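Chemist:
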Amino acid sequence: MTQTTIQQIFSNYMTKQPLFINKKALTTSYTPENVPHRDEQISQLASILTPVLKRERPSNVFIYGPTGSGKTLVTQYVASELKGAAEKNGIPFHIVYVNCKMKRVADTEYRLLAHLSNLLGKEVPPTGLPTDQVYKTFFGALDEREGVVIFIIDEIDALIKKVGDELLYNFTRINQDVKNVKVSFIGISNDLGFTENLDARVRSSLSEEELIFPPYNALQLQRILTERSNLAFNKGKVADGVISKCAALAAQEHGDARRALDLLRVAGELAERENAQMVEEKHVDAAESKVDMDRIIETVKMQPKQSKAILYSIIYLTRGEEKTCLSGDVYDEYVRICKIIGLKPLTQRRVSDIISELDIMGIITSKVISKGRYGRMRDIGLAISAEIYQKLLNFLKSDFGFD
DNA sequence: AGTCCACAGGAAGGGCAGGCGA
DNA sequence: TCGCCTGCCCTTCCTGTGGACT
Numbered sequence: 020m021t022q023t024t025i026q027q028i029f030s031n032y033m034t035k036q037p038l039f040i041n042k043k044a045l046t047t048s049y050t051p052e053n054v055p056h057r058d059e060q061i062s063q064l065a066s067i068l069t070p071v072l073k074r075e076r077p078s079n080v081f082i083y084g085p086t087g088s089g090k091t092l093v094t095q096y097v098a099s100e101l102k103g104a105a106e107k108n109g110i111p112f113h114i115v116y117v118n119c120k121m122k123r124v125a126d127t128e129y130r131l132l133a134h135l136s137n138l139l140g141k142e143v144p145p146t147g148l149p150t151d152q153v154y155k156t157f158f159g160a161l162d163e164r165e166g167v168v169i170f171i172i173d174e175i176d177a178l179i180k181k182v183g184d185e186l187l188y189n190f191t192r193i194n195q196d197v198k199n200v201k202v203s204f205i206g207i208s209n210d211l212g213f214t215e216n217l218d219a220r221v222r223s224s225l226s227e228e229e230l231i232f233p234p235y236n237a238l239q240l241q242r243i244l245t246e247r248s249n250l251a252f253n254k255g256k257v258a259d260g261v262i263s264k265c266a267a268l269a270a271q272e273h274g275d276a277r278r279a280l281d282l283l284r285v286a287g288e289l290a291e292r293e294n295a296q297m298v299e300e301k302h303v304d305a306a307e308s309k310v311d312m313d314r315i316i317e318t319v320k321m322q323p324k325q326s327k328a329i330l331y332s333i334i335y336l337t338r339g340e341e342k343t344c345l346s347g348d349v350y351d352e353y354v355r356i357c358k359i360i361g362l363k364p365l366t367q368r369r370v371s372d373i374i375s376e377l378d379i380m381g382i383i384t385s386k387v388i389s390k391g392r393y394g395r396m397r398d399i400g401l402a403i404s405a406e407i408y409q410k411l412l413n414f415l416k417s418d419f420g421f422d
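Note that this note's numbering has the first sequence beginning at 20, numbered continuously upward.
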């Protein structure tokens, strides 16, 4: 390559109009100025929360809806608008947001309380204190405030499934333990049947109001994407059909707006990388498999060695074909792999739990079957495409030092 | 109808790392 | 330093179970 051509590449790069103006507009953390297709939910939530402006405690609210249906966005949007209105009128009002799915942050009772206390300005160490002490610190931190405090607890079902509903029971009684503030809760959950398993007292007092968020349809997704892509991309850099394709793909996945935005963002990144003039439909196709692949490979990377060995056993037995295997065989294979890589095998009981975890992560599918006289066991298959299978296999092999 | 397989999955508790207060 | 507390990962022990076989 001559020096002139290199210079040309640089100058092309500098003079060419970039695809993106503001990539952040396509991320989930971005809060847009308005939230389309959620007017009803916004006004419902706003009217539930308005007592704040009269210095009164609003009802507790439970919000349900599938992933990417705008629950978190709407809640944060309404809360911040309310905060603006409260500030204008000199009314003390605080919002505390926490997501219970954040590993090692708020996925246990202790961690949630410690995290909330930290957000309220009272430091609590990540471990080491008795729980009642943490409750005391939390109440203390709360009582130093004035007016109304609203806790937004996102993915609350994940937490309660893990720690039980006693925590929520304590929350329902919180207003008896503090003097200076009035406290309300907004619980956000993907699981519609979540409150059915709750203690009746907890259910009635925590879900004084309920809001349901339906999934977006393809047309609604299209409008959301158009709005965001106008913010994110330079004019004329997105080909016709790209947005509707992203919307259609995401609509198939239960109207998940988050996925639609991911697809568009990744398609843009892929187009940028190959120096394309604009984002085209082929980039969306490539983005679709990349989004899935990245999610799965990243999830597997974070797993401990034991889980990887179990997953490898399943992959080995099914060989990526549409074949399934049985839990007993997986355990035998896993023990064999452990011997090869010098790992102490876990018990069958623990392996059974890890198989369930892999199932929840969406990497495998498993169902309990009975073979009558020959016992009851789990039938396990892979839940990933052939392309991802190959990539995952290569990753695991290199991780274990196999060739 | 009763038996029996090969597990699933609940309950209890052990061992460990790590923080706090005395 | 010690005793006590926590979460986390794991084992041990146990009961439950769908359906083929007798």
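Where a beta carbon is used, it is the ideal one built from N, C-alpha and C, also for glycine. Only a predicted model underlies this, so the values are computations on that prediction, with no experimental measurement involved.
#1: Residue 384 by DSSP, collapsed to three states: which one?
#2: Would residue 327 be called buried (16 or more neighbouring beta carbons within 10 Å of its own) or exposed?
#3: Which residues in the same chain as residue 175 place their Cβ atom closer than 7 Å to its Cβ, once the five residues preceding and following it in sequence are excluded?
#4: Report yes or no: do the segment 69-88 and the segment 224-240 share at least 3 C-beta pairs separated by less than 8 Å?
#5: Would a C-beta distance cut-off of 7 Å place residue 300 and residue 361 closer than the cut-off?
#6: What residue range is occupied by the uninterrupted beta strand (DSSP E) comprising residue 203?
#7: Quick one: give me the first and last residue of the alpha helix (DSSP H) that residue 292 is part of.
#8: Considering residue 56, what are the terminal residues of the alpha helix (DSSP H) in which it resides?
#9: Return yes when the Cβ of residue 277 is within less than 7 Å of the Cβ of residue 94, no when it is not.
#10: What does the alpha-carbon distance come out to for the pair residue 238 and residue 265?
#11: Compute the distance between the beta-carbons of residue 157 and residue 136, then report whether it is under 7 Å.
#12: What do you get for residue 234, buried or exposed, if any count of 16 or more other CB atoms within 10 angstroms of its CB means buried?
#13: Within this structure, are the beta carbons of residue 38 and residue 284 separated by less than 7 Å?
#14: Within 10 angstroms of the Cβ of residue 89, are there 16 or more other Cβ atoms? Answer buried if so, exposed if not.
#15: Whose C-beta lies closer than 7 Å to the C-beta of residue 221 among residues of the same chain, with five residues either side of it excluded?
#16: Whether or not the segment 397-404 and the segment 334-350 are in contact is what I'm after, with contact meaning three or more pairs of Cβ atoms, one per stretch, closer than 8 Å; do they touch?
#17: Ordered along the chain, which non-local residues of its own chain (more than five positions away) have a Cβ less than 8 Å from that of residue 61?
#18: In chain order, which beta strand (DSSP E) runs of at least 3 residues are fully inside the segment 334-390?
#19: Secondary structure at residue 173, three-state DSSP: helix, strand or coil?
#20: Give me the residue from 179, 140, 323 with the minimum Cα distance to residue 376.
#21: Could you give the DSSP three-state label for residue 401: helix, strand or coil?
#22: Could you check what DSSP says for residue 166 in three-state terms: helix, strand or coil?
#23: Specify the secondary structure class of residue 312 as computed by DSSP and reduced to three states.
#24: Considering only DSSP beta bridges, list what residue 261 is partnered with.
#25: Enumerate in chain order the residues of its own chain whose CB-to-CB distance from residue 343 is below 7 Å, with the five nearest sequence positions on each side excluded.
#26: Of all the options 304, 273, 297, 293, which has the alpha carbon lying nearest to the alpha carbon of residue 282?
#27: What does the alpha-carbon distance come out to for the pair residue 308 and residue 288?
#28: From what residue to what residue does the beta strand (DSSP E) around residue 79 run?
#29: Do you know how far the Cα of residue 172 is from the Cα of residue 116?
#30: Of the residues 293, 195, 387, which one's Cα is nearest the Cα of residue 345?
#31: Nearest by alpha-carbon distance to residue 269: which of 141, 86, 355 is it?
#32: From the DSSP secondary-structure annotation, give me the bridge partner or partners of residue 117.
#33: Cα separation between residue 201 and residue 418?
#34: Going by the DSSP bridge assignment, what does residue 231 pair with across the sheet?
#35: Give me the Cβ distance between residue 72 and residue 114, rounded to the nearest whole Å; I'm assuming they're in contact under 8 Å.
Modeler: So, from the listed chains and residues:
#1: strand
#2: buried
#3: 119, 206, 207, 208
#4: yes
#5: no
#6: 200-208
#7: 276-292
#8: Residue 56 -> no alpha helix (DSSP H), and no H or E assigned at all.
#9: no
#10: 11 Å
#11: yes
#12: buried
#13: no
#14: buried
#15: 184, 187, 188, 191
#16: yes
#17: 54, 93, 96, 97
#18: 383-389
#19: strand
#20: 323
#21: strand
#22: strand
#23: helix
#24: Answer is none; residue 261 lacks a bridge partner.
#25: 337, 398, 399, 400
#26: 304
#27: 14 Å
#28: Unbroken run through residue 79: none, as it is neither H nor E.
#29: 6 Å
#30: 387
#31: 86
#32: 172
#33: 52 Å
#34: 83
#35: In fact, because the Cβ distance is near 14 Å, the residues do not count as touching under 8 Å.
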